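Below: the structure, in structure tokens.
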Amino acid sequence: MKINLTNVTLVVVDDLSDLPTENNIRYIILDRVIKYAKKYIDFFDVKFFSPLHGFEKTFTNAGDYSKWIIKNLPYEIESDYYLIIQWDGFIVNPDMWRNEFFNYDYIGGGNTLQNGGFSLRKTSTMKKLSNIKYTDYFGNEDSFYSLFFEDVCKNVHKTDSRFDENFYNECLENGWIYKDQPFSVYDIHDKNSDCNRFVSFFTFNPKSFGWHWSGELDIYTSMYFYKKIKMFSLQELKMIDTYLRKRSNRGISWEEL
């Protein structure tokens, strides 16, 4: 029986600007991981924002991407929640889904600054945060959303001159605070914490629902996850391995391992 996530939209955003064809290695990966997810899970919808699906916007830098994610994406969603995946962050253990993940307005991987590449977000909350003045202060969506974790919000004005001492109270009054956080900085490495049960990031948890590559996870570990879902041919795995090594500035080929 499939897992019922009919209140969740599966979302992929990639402008494929380096090669806007089906031969792009990221497109090949995304095509497979979407098929894998749909094999085990019933979603409300699947939205693939790419030029091969009629999405014409090109992101010239990370800030351009982040602003679209913050300001525009929530209004493309009709379900209560949406799950963002990427070529390097996707579902690997569908049976590890837990409804407790719905307790959070936003749950991703990392530490207090959560990573959005594999993240579950509450649509109404993301809409609420989409048009406030602070969206222009950060070129990175992760940095932006971290402002509204309660502990960060209380302390941000002490380290950033753009926020005065009333920042926390303003956020509280406007309902911009995430009351429930999936973890604190102290349980980043706790595999039983909700964040690590949701996604492996920085730490290796083979039983997590999803996975997202980070600098802390080596290529060997990354390839483990690509192999695990059993959706790629040997030739495609070689292509992925080469791609990861180029992105990591590690010029070792598959044959040299």
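Start counting at 1 in the sequence shown, then tack on 19, and there's your number in our numbering. Even glycine gets a Cβ: it sits at the ideal position worked out from N, Cα and C. In this text the structure is predicted, and so the values were computed from the model without any measurement.
Residue i, enclosing beta strand (DSSP E) - first and last residue
| i | result |
| --- | --- |
| Y100 | 100-104 |
| I60 | 60-68 |
| N26 | 22-32 |
| F228 | Counting along the chain, F228 falls outside any beta strand (DSSP E), and DSSP gives it neither H nor E. |
| I110 | 108-110 |
For residue i, the first and last residue of its enclosing alpha helix (DSSP H)
| i | result |
| --- | --- |
| D179 | Where D179 is concerned, there is no enclosing alpha helix (DSSP H), given that its DSSP letter is neither H nor E. |
| W87 | 81-90 |
| F186 | 186-192 |
| D213 | 213-217 |
| R266 | 253-266 |
| Y239 | 238-247 |
Own chain partners of residue i with C-beta closer than 8 Å, once the 5 adjacent residues on each side are dropped
| i | result |
| --- | --- |
| K226 | N112, M115, K210, R216 |
| Y55 | F109, I110, I248, M250 |
| Y94 | K146, S149 |
6 Å Cβ shell around residue i - same chain, five flanking residues per side excluded
| i | result |
| --- | --- |
| V32 | F68 |
| R266 | none |
| V30 | K66, Y101, I103 |
| F182 | V175, H176 |
| D124 | K141, T144, Y197 |
| S36 | T77 |
| N91 | none |
| I126 | F120, L139, P201, F217 |
| F1 | This structure gives no information on residue 1, because the portion of the chain shown stretches from 20 to 276. |
| P39 | P70 |
| I259 | Y245 |
| D107 | W232 |
| Q105 | G136 |
Close beta carbons around residue i, own chain, < 7 Å, minus the five adjacent residues each side
| i | result |
| --- | --- |
| S98 | N26, V27, T28, F63, D64, T142 |
| L263 | I238, S241 |
| R51 | M250, F251 |
| I3 | Residue coverage of the chain in this structure runs from 20 to 276, which leaves residue 3 outside it and unanswerable. |
| L24 | I60, D61, F62 |
| E160 | S85, I88, I89, G135 |
| L166 | Y153, C172, V175 |
| G158 | A81, G82, S85 |
DSSP beta-bridge partners of residue i
| i | result |
| --- | --- |
| L139 | L102, I126 |
| Y164 | According to DSSP, Y164 bridges with nothing at all. |
| N134 | G128 |
| Y197 | F168 |
- Message: I'd like to know if the region 140-155 and the region 239-248 are in contact, where contact means that at least 3 CB-CB pairs between them fall below 8 Å.
- Response: no
- Is the number of C-beta pairs between the region 191-201 and the region 67-83 that are closer than 8 Å three or more? no
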